[in-house]
Amino acid sequence: MNRLTKTITLRIDANIYYVLREVVRQCNQVDAARAGATSHGKLTIESALGMLAEDLAMTATRPGSWEGAHMSQVLSSHGYRD
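Per this note's numbering, residue 619 is the first one in the sequence shown, and the count goes up by one each step.
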């Protein structure tokens, strides 16, 4: 299936970038231990943020899914949902 994509440029604090590298490293250790039995396989920072963007979109497209419901809670925690 050929899917259209969009490119987003994101500026983040350098410290956040280094922490995200560590988070991705930890996720990839789990992915390897599970022989790739994770939803998105081995991650990069870009693919991890893409995965979170998919889940954020599910607050509108699949609000009853666990991904949509949990991301909706994150939005509520930041004051963006009633």
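The C-beta atom is built at its ideal place from N, Cα and C for all residues, glycine as well. Bear in mind that the values here come from a model prediction, so they are computed numbers and not experimental data.
| query | result |
| --- | --- |
| Distance CB(S690)-CB(R699) smaller than 7 Å | yes |
| Option in H696, L674 and D649 with minimal Cα separation from G686 | L674 |
| beta-carbon T679 near the ligand GDP non-hydrogen atom, thresh 6 Å | The ligand GDP is absent from the structure shown, which contains no ligands of any kind. |
| For S657, three-class secondary structure by DSSP | coil |
| Alpha-carbon spacing of L638 relative to I663, whole angstroms | 7 Å |
| L638 in three-state terms, based on DSSP | helix |
| Residue from G682, G654, H688 and R643 with nearest C-alpha to L670 | H688 |
| Residues near G654 by beta carbon distance below 8 Å, same chain, minus five either side | K660 |
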